[in-house]
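Undergrad: Residue numbers (the working numbering): 42 to 380. Ideal Cβ placement from N, Cα and C applies to all residues, glycine included.
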Ligand code: NAD
Ligand code: WQD
């Protein structure tokens with residue numbers, strides 16, 4: 042297939058490009074580089090052995106997005122492009138509504154104009170908010186707790202309405218749990234700007250000496266050891282799921298919504314211990330107050346992804362820690378030059 046990967050220089054998008062290229066797809070990556078580096082393109086070329094076509098396009102630019110789609114013969118779009126910081130979304134909700142929701146509307150309109158009717162969309166377990174029970178199934182109530190989450194829920198709904206109105210339009214909605222890890226080459230990985238919000242990149246930066254210690258947000262949750270429990274999913278397993286989702290859309294002609302997780306909950310302290318084993322480095326930590334908006338325990342029931350896509354996670358937290366550490370130790374300052 043000829044595939045447009047919007048947001049393809051980002052963390053999950055770049056790993057997905059490797060998988061799609063390995064399966065013989067023809068790719069065009071589009072991104073405005075607001076949260077990624079152009080160096081990703083050199084690294085992708087090194088991994089895949091071929092240059093990756095790149096267009097610097099902002100999803101909010103309707104004319105540019107239409108121009109990108111028109112006349113290029115795309116069979117499908119994989120849509121990663123979004124702002125994703127929960128905290129920032131609470132401070133600047135309008136920017137999130139504009140970038141994520143208006144941007145997606147532009148993309149859907151451009152797809153309709155160009156006659157491209159197959160979409161794989163990055164959603165998130167954030168649409169479940171604080172779930173009533175775990176493991177979380179796809180029919181659990183959707184209730185968002187912050188503007189970022191609201192953008193994901195609204196985008197899912199817009200896409201759903203479009204599919205209802207136009208049965209020829211097929212969408213695979215993928216609800217990721219907690220992505221972690223990196224490509225085994227150590228050439229691409231997660232490179233957050235500023236202080237990491239998420240646990241794994243924070244642990245990596247402590248282990249590599251960029252930060253003194255990890256703050257563990259709460260030691261009194263009703264969990265196995267009092268720290269928060271999540272479903273960490275290797276980015277390579279996620280990448281594979283996108284390729285499987287495209288194959289499934291092509292084979293069945295029917296859209297779907299699936300959770301992408303391992304089905305296993307891991308606590309903060311269990312992840313710290315796994316990382317120390319994998320890296321051979323100490324990860325000093327301190328237990329501090331709970332973070333506003335956090336929940337005790339979230340992990341997926343991934344049965345629907347297995348049933349519909351034939352996909353299941355293959356890599357465990359030890360592999361995530363090993364690969365995240367390889368990336369971080371080979372690239373202590375991420376894609377940026379060292380100071
Ligand atoms: P990322 O920030 O690394 O990648 C997103 C990419 O989109 C970046 O390269 C950014 O420059 C680009 N982008 C953003 N706005 C754009 C715009 N207006 N025009 C063009 N490009 C734009 O994030 P990621 O972790 O790879 O996440 C990818 C997708 O998965 C996002 O939609 C995110 O919301 C979703 N998601 C991420 C996680 C996570 O924890 N990483 C979890 C669940 C869902
Ligand atoms: C994991 C656990 C923290 C950092 C977020 C978004 C969600 C999705 C994935 C996009 C929790 C604890 C964390 C730290 C800590 N993103 N923690 N110290 O909160 O499950 O999900 O990212 O869609 O929408 O909300 O992930 O990695 O931030 O936290 O103790 O410095 O680690 O309290 O228990 P979260 P996370």
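Just to check my reading of the structure: residue 117 and residue 159 have Cβ atoms closer than 8 angstroms, yes? What is that Cβ distance to the nearest angstrom?
TA: At roughly 4 angstroms, the Cβ-Cβ gap stays under 8 angstroms, so residue 117 and residue 159 are in contact.
Undergrad: Decide if the segment 225-239 is in contact with the segment 160-171; the criterion is three or more beta carbon pairs, one per stretch, under 8 angstroms apart.
TA: The segment 225-239 vs the segment 160-171: no contact.
Undergrad: Report buried or exposed for residue 176, applying the criterion of at least 16 other Cβ atoms within 10 angstroms of its Cβ.
TA: Label assigned to residue 176: buried.
Undergrad: So is the beta-carbon of residue 79 under 7 angstroms away from any non-hydrogen atom of ligand 1?
TA: No, ligand 1 has no heavy atom inside 7 angstroms of this Cβ.
Undergrad: Could you work out which residue in 259, 266, 237 is closest to residue 252 when comparing CA atoms only?
TA: Cα-wise, what sits closest to residue 252 is 237.
Undergrad: Would you say the beta carbon of residue 299 comes nearer than 7 angstroms to a heavy atom of ligand 2?
TA: No; taking the cut-off as 7 angstroms, the Cβ of residue 299 has no heavy atom of ligand 2 nearer than that.
Undergrad: Per the contact definition of three or more C-beta pairs closer than 8 angstroms, is the segment 362-369 in contact with the segment 194-206?
TA: Cβ pair count under 8 angstroms is below three, so no.
Undergrad: Flag residue 208 as yes if its beta-carbon sits less than 8 angstroms from any beta-carbon of chain C, otherwise no.
TA: Going by chain labels, chain C is absent from the structure shown, which holds only one protein chain.
Undergrad: Work out the CA separation of residue 266 and residue 309 for me, nearest whole Å.
TA: When rounded, the distance between both Cα atoms is 9 angstroms.
Undergrad: Just checking residue 121 against ligand 1 - is the residue's beta carbon closer than 7 angstroms to any of the ligand's heavy atoms?
TA: Yes.
Undergrad: Compute every distance between the C-beta of residue 163 and the non-hydrogen atoms of ligand 1, then say whether any falls below 7 angstroms.
TA: Yes; taking the cut-off as 7 angstroms, the Cβ of residue 163 has a heavy atom of ligand 1 nearer than that.
Undergrad: Compare the C-alpha of residue 330 against each of 257, 187, 57 and name the closest.
TA: The option with the nearest alpha carbon to residue 330 is 257.
Undergrad: How would you call residue 97, buried or exposed, if buried means at least 16 neighbouring beta carbons within 10 angstroms?
TA: Result: exposed.
Undergrad: May I have the straight-line CA-CA distance separating residue 327 from residue 254, to the nearest angstrom?
TA: The alpha-carbon atoms of residue 327 and residue 254 are separated by roughly 7 angstroms.
Undergrad: Near residue 185, what residues of its chain come up, given a Cβ to Cβ distance below 8 angstroms and the 5 sequence neighbours on each side ignored?
TA: Hits under 8 angstroms: 167, 168, 170, 191, 193, 194.
Undergrad: Starting from residue 359, follow the alpha helix (DSSP H) in both directions and report where the run begins and ends.
TA: First-last of the alpha helix (DSSP H) with residue 359: 358-371.
Undergrad: For ligand 2, I want to know if residue 404 counts as a neighbour, meaning its beta carbon is within less than 7 angstroms of at least one of the ligand's heavy atoms.
TA: The question about residue 404 has no answer, for the chain in this structure spans 42 to 380.
Undergrad: Residues in the same chain with beta-carbon distance under 6 angstroms from residue 373, minus the five sequence neighbours each way, listed in chain order, please.
TA: 249.
Undergrad: At the level of alpha carbons, what is the spacing between residue 138 and residue 212?
TA: Each residue's alpha carbon lies about 21 angstroms from the other.
Undergrad: Within 7 angstroms: the Cβ of residue 187 and any heavy atom of ligand 1?
TA: Not so, every heavy atom of ligand 1 lies at least 7 angstroms from the Cβ.
Undergrad: Less than 7 angstroms between the CB of residue 108 and some heavy atom of ligand 1, yes or no?
TA: Every heavy atom of ligand 1 is 7 angstroms or more from the Cβ of residue 108, so no.
Undergrad: Who are the near neighbours of residue 342 in its chain, counting only those whose CB is closer than 7 angstroms to its CB and skipping five residues on each side?
TA: 176, 177, 178, 300, 304.
Undergrad: Is DSSP giving residue 313 helix, strand or coil here?
TA: In the structure shown, residue 313 sits in a helix (DSSP, three-state: H, G or I).
Undergrad: Could you name the residues that DSSP lists as bridge partners for residue 120?
TA: Answer is 47, 162, bridged to residue 120.
Undergrad: Using a Cβ-based criterion (distance less than 7 angstroms to any ligand heavy atom), does residue 50 qualify as near ligand 1?
TA: Yes, the Cβ of residue 50 comes within 7 angstroms of a heavy atom of ligand 1.
Undergrad: For residue 337, name the three-state secondary structure that DSSP assigns.
TA: It is coil, neither helix nor strand.
Undergrad: Classify residue 135 as buried or exposed, calling it buried when 16 or more other Cβ atoms lie within 10 Å of its own Cβ.
TA: By the neighbour-count rule (16 or more Cβ atoms within 10 Å), residue 135 is not buried but exposed.
Undergrad: For residue 247 and residue 324, which I take to be in contact (beta-carbon distance under 8 angstroms), what is that distance rounded to the nearest angstrom?
TA: So it is a contact: roughly 5 angstroms between Cβ atoms.
Undergrad: Examine the Cβ distances between the segment 344-356 and the segment 310-318 and report whether three or more of them are shorter than 8 angstroms.
TA: In short, these stretches do not touch, since the Cβ pair count stays below three.
Undergrad: Would you check if there are 3 or more beta carbon pairs closer than 8 angstroms linking the segment 63-80 to the segment 46-55?
TA: Flag = yes, the segment 63-80 and the segment 46-55 touch.
Undergrad: Looking at the unbroken beta strand (DSSP E) that takes in residue 264, where does it start and where does it end?
TA: No beta strand (DSSP E) contains residue 264, which DSSP labels as neither H nor E.
Undergrad: Assuming residue 271 and residue 307 are in contact, meaning their beta carbons sit under 8 angstroms apart, how far apart are those beta carbons, in whole angstroms?
TA: The Cβ separation is near 7 angstroms, so the contact holds.
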